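91 is the number of the first residue of the sequence shown in this note's numbering; add one for each residue after it.
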Amino acid sequence: MSEAETIEETEELAVAKADEMRAQSRDCIHRHSVYAAVGGLVPIPFLEMATSSTIQVRMLAKLCDIYGVPFSENAIKSSISTLVATVLPMTGVGYATAALVRKVPVVGTIFGVVAMPTFAGACTYALGRVFAWHFAKGGTVDDFDADEMKGRFKDEFEDGKRKASEFVKGGKTTAKPAAGATTAKA
């Protein structure tokens, strides 16, 4: 086997491995986003937030496994807080207000069945997409800069809202193509 053939074979293996990691991360993100949306149906205020947070941390731990990145729960939780805080005003009401609105008869029930699962699913989706992109670029949990990722997170959150809303309303959702995991986005 010539040196050129060896290099070509090595490159093909690297591409195949990267494709496999993107597919695994896409499936992981999709699955955990659905779990978070279902967790958003918990009728006890603030319990749905705890449920979503647990699901998000677990998803990010799995993404660390997929990309071979060491996991740090404290660093992950700090990044989650920073990123999720960037979209709370965008949802129209803060999380605490949303939990209180759920207590209003009829209106609260409708709100709880649509808005909370959509928010939980969209946040989980956006977190997964942002971390998967960072890990695919060779980043780690320790060098993840949540402040620098806010713009990307907001974009992914908007896409996640659309997907989560389709899911909550009973539509079929599919995982986003993996190409975004390897292309830089400002």
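Where is the CB? At the ideal position from N, CA and C, for every residue including glycine. Being a predicted model, the structure only gives us computed values, none of them experimental.
Taking a 10 Å sphere around the C-beta of Ile134, we find fewer than 16 other C-beta atoms and assign the residue as exposed. Residue Ala175 holds the alpha-carbon nearest to the alpha-carbon of Ala210 among Gly228, Ala175, Asp235, Lys227. Bounds of any alpha helix (DSSP H) do not take in Asp237, whose DSSP letter is neither H nor E. In the DSSP assignment, Lys227 falls outside any alpha helix (DSSP H) and carries neither an H nor an E. Within the same chain, Cβ atoms closer than 6 Å to the Cβ of Ala236 are found at Ser169, Thr172, Leu173, the five residues on either side in sequence being excluded.
Val147: member of the alpha helix (DSSP H) spanning 137-157, first to last residue.
Excluding residues up to 5 positions away in sequence, Glu163, Ile166, Lys167, Ile170 lie with their Cβ nearer than 8 Å to the Cβ of Val147 in the same chain. Between the segment 240-254 and the segment 205-219 there are three or more C-beta pairs closer than 8 Å, enough to call the two in contact.
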